[in-house]
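Inspection log for the structure reproduced underneath, given as structure tokens.
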Amino acid sequence: MRIFSRVPKINFMAQRKVALGLSILLSVIAIGLLVGRGLNFGIDFKGGVLVEVAYPQTVQLDDMRSQLAKGGFPDPVVQYFGGTSDVLIRLLPQAGTDADSKNAAAQISNKVLAALDAQKNNVQLRRIEFVGPEVGKELSEDGVIALLAAFFGIFCYVAFRFEWKFSLGSIAALCHDAIMTVGFLSLIQEEFDLTTLAGVLAMLGYSNNETIVIFDRVRENLLNLRKQPVLDIINLSINQTLLRSIITHFTVLMVLFCLFFFGGKSVHSFSVAMIVGVLVATYSSIYISSGVTVLLNIKREDLVPPEDHANAAGKNKDGAVV
Numbered sequence: 001m002r003i004f005s006r007v008p009k010i011n012f013m014a015q016r017k018v019a020l021g022l023s024i025l026l027s028v029i030a031i032g033l034l035v036g037r038g039l040n041f042g043i044d045f046k047g048g049v050l051v052e053v054a055y056p057q058t059v060q061l062d063d064m065r066s067q068l069a070k071g072g073f074p075d076p077v078v079q080y081f082g083g084t085s086d087v088l089i090r091l092l093p094q095a096g097t098d099a100d101s102k103n104a105a106a107q108i109s110n111k112v113l114a115a116l117d118a119q120k121n122n123v124q125l126r127r128i129e130f131v132g133p134e135v136g137k138e139l140s141e142d143g144v145i146a147l148l149a150a151f152f153g154i155f156c157y158v159a160f161r162f163e164w165k166f167s168l169g170s171i172a173a174l175c176h177d178a179i180m181t182v183g184f185l186s187l188i189q190e191e192f193d194l195t196t197l198a199g200v201l202a203m204l205g206y207s208n209n210e211t212i213v214i215f216d217r218v219r220e221n222l223l224n225l226r227k228q229p230v231l232d233i234i235n236l237s238i239n240q241t242l243l244r245s246i247i248t249h250f251t252v253l254m255v256l257f258c259l260f261f262f263g264g265k266s267v268h269s270f271s272v273a274m275i276v277g278v279l280v281a282t283y284s285s286i287y288i289s290s291g292v293t294v295l296l297n298i299k300r301e302d303l304v305p306p307e308d309h310a311n312a313a314g315k316n317k318d319g320a321v322v
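This is the structure we're talking about:
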């Protein structure tokens, strides 16, 4: 156990300029993907219909896709839901269907059941959800507001708990993580729905937690080790929290990979967003947040109130006023 109690001596800050430059390049590429390729929005944002049906026996998804295509539903998304006899069908908005009509969902469900020959195959309708384009637009706006509110709340929290230079470093890391994660989702064209958005928001909270752990140790060491240079203090702080971070990342990734492989389609996009986010957050909590704080010239004096400096200057080592 003694070997695990030793603090590593890795000089992380020696590569901070290269890491920041690489992050800027990758962020530009990610933004380019978002602008040029965009996100593969699900029916939560584009609008559409989600239908869950149950068969009395195992059903082949390819056969269902062919039946739905012949029934007038191009490019249906068909997947098992819980078992090989329960199927979830996602359909894009249908031309000629009134999105504001109360009977729109019922009309489409009847059409789906007819395409699947429900009476002959004993297909049961379990549920149907209809999302109109206006609702999708509202959800998109709410998602953007949620992201901005998360950034603002985290900025205020870090600024209140630490110092504004730490706060800017934390926000820089969060922006980096969000851009990289969403850019990767655009690259692989993973479906982006409310579940995916929840994964991105959860990733931001996780990333901020990692940054807070390092900043808390940096603040403590800056106040206690007054003769050490700032870069050495930051390197020491990162190394002191390194083992804790490795264990945390490993256990979180274990759970996320279980969700990815065995959780099914309903949590697939969530697990993808979180896996990418955890990996990116591991990097950004070391190089982005700390690197930006170094660029802002963080000093020991930034953490000590001015009156404490005056009191320290006006007393000798025995505490007597001079």
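According to the working numbering, the sequence shown is numbered sequentially starting from 1.
Backbone N, C-alpha and C define an ideal beta-carbon position, used for all residues, glycine too.
- Secondary structure at Gly48: strand, using DSSP grouped into helix, strand and coil.
- DSSP, reduced to helix, strand and coil, places Phe192 within a strand of the structure shown.
- Rounded to whole angstroms, the Cβ separation of Glu210 and Ser245 is 6 Å, and the two are in contact under 8 Å.
- Closest in C-alpha terms to Ile188, from the list Ile10, Arg37 and Pro74, comes Arg37.
- By a beta-carbon distance limit of 8 Å, Lys111 contacts Gly71. Their separation comes to about 7 Å.
- Boundaries of the beta strand (DSSP E) around Arg127: Gln124 to Val131.
- Closest option to Thr58, judged by alpha-carbon separation, among Val51, Tyr80, Gly42 and Leu50: Tyr80.
- Beta-bridge analysis with DSSP links Leu88 to Glu52 and Gln79.
- For Phe162, the secondary structure class from DSSP, reduced to helix, strand or coil, is coil.
- In this structure the segment 151-170 does not touch the segment 8-21; the number of beta carbon pairs closer than 8 Å is below three.
- Along the length of the segment 202-281, whole alpha helix (DSSP H) runs at least 4 residues long occupy 230-240 and 242-262, reported in chain order.
- Between the C-alpha atoms of Met274 and Arg16 there is a straight-line separation of about 25 Å.
- Phe261 has its alpha-carbon roughly 16 Å from the corresponding atom of Thr251.
- Within the same chain, Thr58 come within 6 Å of Thr84 by CB-CB distance, once the 5 residues on both sides are set aside.
- Annotation for Ser284: Ala173, His176, Asp177 and Ser207 place their beta carbon closer than 7 Å to its own, counting only its chain and skipping 5 residues before and after.
- Looking at the backbone, the Cα of Pro74 and that of Leu139 are separated by about 24 Å.
- The beta carbon of Thr241 is closer than 6 Å to those of Val213, Ile214 and Arg217 in its chain, skipping five residues each way along the sequence.
- Residue range Leu61 to Lys70 is occupied by the alpha helix (DSSP H) that includes Asp62.
- About 16 Å separates the CB atoms of Thr181 and Val267; that is not less than 8 Å, and the two are not in contact.
- Annotated three-state conformation of Phe73 is coil, per DSSP.
- Look at Asn110 here: in three-state DSSP terms it is helix.
- Under a 10 Å Cβ-count criterion, Leu148 is classified as exposed, with fewer than 16 other Cβ atoms of the shown protein chains found around its own Cβ.
- When C-beta atoms of the segment 282-296 are compared with those of the segment 16-35, three or more pairs fall below 8 Å, so the two segments count as touching.
- Secondary structure at Asn11: coil, using DSSP grouped into helix, strand and coil.
- Taken through DSSP and simplified to helix, strand or coil, Asn40 comes out as strand.
- No Cβ-Cβ contact shorter than 7 Å links Ile179 with Ala281.
- In this structure, Val131 keeps its C-beta atom at 7 Å or more from the C-beta atom of Val87.
- Using a 10 angstroms sphere on the CB of Ser66, the tally of other CB atoms stays under 16, which defines it as exposed.
- Counting only the Cα atoms, Asn40 lies some 15 Å from Gly32.
- Note on Lys165: 16 or more other CB atoms within 10 angstroms of its CB, so buried under the neighbour-count rule.
- For Ser186, same chain residues with a beta-carbon under 6 Å away, outside a window of 5 residues either side, are Leu33, Leu34, Arg37 and Leu39 in chain order.
- When the Cα atoms are used, Cys258 and Phe192 turn out to be separated by approximately 20 Å.
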